[in-house]
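Everything below concerns the one structure shown next.
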């Protein structure tokens, strides 16, 4: 059989990993798919730039046409990231009759429908295992292995940077700023970490998983999100005292006829599988109506883990499986609409963790709990300690966990509580998962 | 496209679940694979027997020829279990030109090569996602999603019964006998639990996973195994004191040119993901040379979880993907031999937990540790408490965790220690995982 020709757009971390696998494991890869995989071209901005030693300089080009016009390139692997140039190149590759493999979650979250329509038109496939949760084969698991199920809920630790920061705050007692600096030093966080810590990156991935599970196409900026920058080390301490830990979760779940989605810090019981996920790992819990609860865990980013996922897509194309999967799953098409209604997170009841700083004087606990009671929100547990060492000594933290309450009504109560005399800070609150 | 005709051999728990999915979710299943799935025949021993309400009585037959001679049956789903009759029927189905889906781990572990050769000869597929770890898609993950990797180690909680018993001993302080009785009452253990608690069932599953990962064909009775019947509640207590928990693990790992396999109770650090797996769940940690550590967790048995896996295979056949996978993976064939040497577990160094009961008199600790020291086995930690309440009061438990030592030499030492004057019990020992 003819070798499968592969051209790669972008030669950053993941691109270098894919090239390493192609060049050092060619025998293994041939054995796995029955074909030779041939590295044709590596399209980069600067051919002159210094690169990893194993990158073959004679395959480098700064002209994308070299790849797209090459009749022996069958697969274009898009690894440049971003949404503008990447969109143009992916559409051009499909138009040129190439299959596309991408690990670009932002691109799919923003332009999935356009890209998949173009692929159907060109009779080519788009494969994207590497775009969500790095080395964890969550795309294949949800769209193939669990295909007998209606997925009813997804709960994912999808941003390794945030999980690293929260883990090192919880286990090492670091402040947010110290933990972020450590993550940057170790290469787990970018110089500008905004998209990781504000929930945007997780929202992109959640948008992709929600397309697979529910057929919903949602612009990622419409997913309600709440980052980790306001998680204080004392919240992790109080959560632990109550038997919980705090994780940044990307969640989507069926609720009647609709689906609700959000990205937010959530309190998980310490014995929950996702609560055990430490450091830069990712994990996804998927609940299916036949299978029940399944959890998939692994490295969520990095050169070789993501290259492993990208290469799985390339092997699937070489074997011919990707075309069958692409046609059967009908992603980002009107035929894949399972759920039509998006439910605002505010309509979904939850339990809540609330922490306010109050002046250390009589009656504060009474007035806060009275206000909640008046709004029909009942309380499951309360912590009121003496002033913490690292607090101005006139302020004490008041921590409340509620029973189930409508999210909207709870949020209104927070606003009112923050306005009470003697309450010194806006309330910090998170959902509590059971 | 023509409907895909399905006949089912056996209508026990899993068979009933598959039929329920076929009949109640036919729209969903058609949407997922682009074809109608038609239930043709259900072959049972007794047509007259009382069955679940949803089983269509007009599809029941006690003649297997009804299914095998039916030109509109394309897939035969073998769910009768056991190895003798099941082997005959699977071979007959392949010869009759049917694809085979099976959840029968004992059958594949014992006769994989014969069955897969017959399938290749007949140009049909054998799919078996349901045979290992119930609803967890570990077969697809290892043979497809991680195909870019050489898998270097597998570590699995593959027997839900044993995990349920160990969890309820560790968390609830039950004795082995009490925990087993509870498992039987809840339906997690058979009346005769031997194959579950002695490690046989886990060994069958490990043999299948080792074929996928390493290409080794090993008769399951050649896998060294050690069940959970000698795990005493005090061992779980001592393990916890030292920061560990005890799980029945099925393990296989590359070691130089060979592969070592065993099933045994192992001490895992309490923070290890597998240590968190409670109750009747299964979980598999797979390490790949590109992806690193991944963990897959979910329900390891039960009607609907296993039906979910069986149905994934049926959908894969309907889509045409199973044929491509079957050809590419070349399981149980001479072309899939990655590893040629099986390494005896005794050749592999490990750390060890050792517990002996000794008479409560001076010098016991010294004589036991002296014997280990003389054999070059050094000690990492020791626990010697006063006599436990539930022990004859002249005996005290002595617990030692060693550093790395050759397994063979450690075993010889145990035999010698058990013969020392004042040592009242044969030593109980387990590997300790780091």
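Chains as they are written, first to last, in our numbering: chain A, 18 to 451; chain B, 18 to 451.
Glycine is no exception: its CB is placed at the ideal position from the N, C-alpha and C atoms.
Predicted model, so just to flag it, every value in this text is computed and none were measured.
**OP:** Report the rounded CA-to-CA distance for residue 423(A) versus residue 372(B), giving the unit in angstroms.
**Re:** Numbered from 1 along the first chain, position 406 holds the residue referred to as residue 423(A). Numbered from 1 along the second chain, position 355 holds the residue referred to as residue 372(B). Taking the straight line joining both Cα atoms gives about 54 Å.
**OP:** With a threshold of 7 Å, establish whether the CB of residue 381(A) neighbours any heavy atom of the ligand FMN.
**Re:** The ligand content of the structure shown is nil, which means the ligand FMN is not present either.
Original post:
If you follow the beta strand (DSSP E) that residue 119(B) is part of, which residue opens it and which one closes it?
Top reply: Position 102 of the second chain, counting from 1, holds the residue named residue 119(B). Residues 116-119.
Original post:
Can the beta-carbon of residue 281(A) be found closer than 8 Å to that of residue 270(A)?
Top reply: In the first chain, counting from the first residue as 1, residue 281(A) sits at position 264. In the first chain, counting from the first residue as 1, residue 270(A) sits at position 253. Contact: no.
Original post:
Which residues, taken in chain order from the segment 166-179 of chain B, show a beta carbon closer than 7 Å to some beta carbon of chain A?
Top reply: 166 and 167
Subject >> Which of helix, strand or coil DSSP assigns to residue 242(B) >> reply: What you label residue 242(B) is simply residue 225 of the second chain in a count that begins at 1. Looking at residue 242(B) - three-state DSSP - the assignment turns out to be strand.
**OP:** Would you check if the segment 316-332 of chain B and the segment 149-162 of chain B touch, i.e. whether three or more CB-CB distances between them fall below 8 Å?
**Re:** yes
Subject >> Candidates 182(B), 71(B), 384(B) and 117(B): closest to residue 335(B) by CA position >> reply: One-based indexing of the second chain puts residue 335(B) at position 318. Closest option to residue 335(B), Cα to Cα, is 117(B).
**OP:** For residue 28(A), decide whether its Cβ has a neighbour in chain B, counting only Cβ atoms nearer than 8 Å.
**Re:** Walking along the first chain from the start, residue 28(A) turns up at place 11. No, residue 28(A) lies away from the interface with chain B (no Cβ there is under 8 Å from its Cβ).
**OP:** Taking all protein chains shown into account, decide if residue 112(B) is buried (16 or more other Cβ within 10 angstroms of its Cβ) or exposed.
**Re:** Counted from its first residue, the second chain places residue 112(B) at position 95. Burial call: exposed.
Original post:
Looking only at C-alpha atoms, which of 104(B), 134(B), 110(B) and 37(B) sits nearest to residue 121(B)?
Top reply: Taking the second chain and counting its residues from 1, one reaches residue 121(B) at position 104. Closest option to residue 121(B), Cα to Cα, is 104(B).
Original post:
Just by C-beta distance, which residues in the segment 307-326 of chain B are closer than 7 Å to chain A?
Top reply: 307, 308, 309, 310, 311, 312, 313, 314, 315, 316, 321, 322, 324 and 325
Subject >> Per-residue DSSP class, three states only, for residue 269(B) >> reply: Indexing the second chain from 1 puts residue 269(B) at position 252. Strand, per DSSP.
Subject >> Closer than 8 Å to chain B by CB, residue 18(A) >> reply: Position 1 of the first chain, counted from the first residue, corresponds to residue 18(A). No, its Cβ sits nowhere closer than 8 Å to a Cβ of chain B.
**OP:** Could you tell me which of 236(B), 127(B) and 89(B) sits nearest to residue 114(B), measuring between CA atoms?
**Re:** Looking up residue 114(B) in the second chain gives position 97. Ranking 236(B), 127(B) and 89(B) by Cα distance to residue 114(B) puts 89(B) first.
Original post:
Is residue 263(A) close to chain B, meaning its C-beta is less than 8 Å from at least one C-beta of that chain?
Top reply: Counting from one through the first chain, the residue named residue 263(A) turns up at place 246. No, residue 263(A) does not count as interfacial toward chain B.
**OP:** Would you mind telling me which residues of chain B sit closer than 8 Å to residue 293(A), beta carbon to beta carbon, in chain order?
**Re:** Within the first chain, residue 293(A) is the residue found at index 276, counting from 1. Chain B residues near residue 293(A): 288, 290 and 293.
Original post:
Whose Cβ in chain B lies nearer than 7 Å to the Cβ of residue 153(A)?
Top reply: In the first chain, counting from the first residue as 1, residue 153(A) sits at position 136. Under the 7 Å cutoff, chain B gives 311.
**OP:** Give me the Cα-Cα distance between residue 100(B) and residue 217(B), rounded to the nearest whole angstrom.
**Re:** Numbered from its first residue, the second chain carries residue 100(B) at position 83. Numbered from its first residue, the second chain carries residue 217(B) at position 200. Cα to Cα, residue 100(B) sits roughly 14 Å from residue 217(B).
Original post:
Three or more C-beta pairs closer than 8 Å, one from the segment 252-265 of chain A and one from the segment 175-195 of chain A: is that the case here?
Top reply: yes
**OP:** Would you please verify whether the beta carbon of residue 141(B) is less than 8 Å from any beta carbon of chain A?
**Re:** Mapped onto the second chain, residue 141(B) falls at position 124. Output row for residue 141(B): interface = no.
Original post:
Using a Cβ-Cβ distance under 8 Å, would residue 62(A) count as near chain B?
Top reply: The residue given as residue 62(A) occupies position 45 in the first chain. It does not; no Cβ of chain B falls within 8 Å.
**OP:** Determine whether the Cβ of residue 328(A) lies closer than 8 Å to any Cβ atom of chain B.
**Re:** Here residue 328(A) is taken as the residue at index 311 of the first chain, counted from 1. Chain B contact via Cβ: present.
Original post:
What's the C-alpha gap between residue 366(A) and residue 421(A)?
Top reply: To locate residue 366(A), count along the first chain from 1; it is residue 349. To locate residue 421(A), count along the first chain from 1; it is residue 404. Approximately 6 Å, taken between the alpha carbons.
**OP:** Return the CA-CA distance between residue 396(A) and residue 418(A), expressed in angstroms with no decimal places.
**Re:** For the purposes of this step, residue 396(A) is taken as residue 379 along the first chain, with counting starting at 1. For the purposes of this step, residue 418(A) is taken as residue 401 along the first chain, with counting starting at 1. Spanning the two alpha carbons is a distance of roughly 6 Å.
Subject >> residue 63(A), DSSP secondary structure in three states >> reply: Mapped onto the first chain, residue 63(A) falls at position 46. Three-state DSSP puts residue 63(A) in coil, outside helix and strand.
Original post:
Over what stretch of residues does the alpha helix (DSSP H) that includes residue 237(B) continue unbroken?
Top reply: Position 220 of the second chain, counted from the start, is the residue given in the question as residue 237(B). Where residue 237(B) is concerned, there is no enclosing alpha helix (DSSP H), given that its DSSP letter is neither H nor E.
Subject >> Length of the line joining the Cα atoms of residue 31(A) and residue 148(A) >> reply: For the purposes of this step, residue 31(A) is identified with residue 14 of the first chain, where counting begins at 1. For the purposes of this step, residue 148(A) is identified with residue 131 of the first chain, where counting begins at 1. When rounded, the distance between both Cα atoms is 11 Å.
Original post:
From the beta carbon of residue 332(B), is the nearest beta carbon of chain A less than 8 Å away?
Top reply: Position 315 of the second chain holds residue 332(B). Residue 332(B) counts as touching chain A.
Subject >> Residue-chain proximity (residue 51(B), chain A), Cβ-Cβ < 8 Å >> reply: Here the question's residue 51(B) lines up with position 34 in the second chain. For residue 51(B), the answer is yes, since a Cβ of chain A falls inside 8 Å of its Cβ.
**OP:** List the residues of chain A that residue 260(B) touches, going by C-beta distances under 9 Å, in chain order.
**Re:** The sequence position of residue 260(B) within the second chain is 243, counting from 1. Residues of chain A passing the Cβ test: none, with the nearest at roughly 15 Å.
**OP:** Could you tell me whether any Cβ in chain A is nearer than 8 Å to the Cβ of residue 345(B)?
**Re:** On the second chain, residue 345(B) is found 328 positions in, with the first residue counted as 1. Yes, its Cβ sits closer than 8 Å to a Cβ of chain A.
Subject >> Boundaries of the alpha helix (DSSP H) in which residue 395(B) is found, first to last residue >> reply: The residue labelled residue 395(B) in the question sits at position 378 within the second chain. Premise fails: residue 395(B) is in no alpha helix (DSSP H) and is neither H nor E.
**OP:** Spatial neighbours of residue 200(B) within its chain, please: CB distance less than 7 Å, with the 5 preceding and 5 following residues excluded, ordered by chain position.
**Re:** Working through the second chain from its first residue, we reach residue 200(B) at position 183. So the list reads 178, 181, 182 and 206, once near-sequence residues are dropped.
Original post:
Around the C-beta of residue 74(B), are 16 or more other C-beta atoms found within 10 angstroms, so that it is buried, or is it exposed?
Top reply: As a position in the second chain, residue 74(B) is number 57, starting the count at 1. So residue 74(B) ends up on the exposed side.
Subject >> Nearest residue (CA-CA) to residue 273(A), options 414(A), 52(A) and 355(A) >> reply: The residue you call residue 273(A) lines up with position 256 of the first chain. Out of 414(A), 52(A) and 355(A), 355(A) has the C-alpha closest to the C-alpha of residue 273(A).
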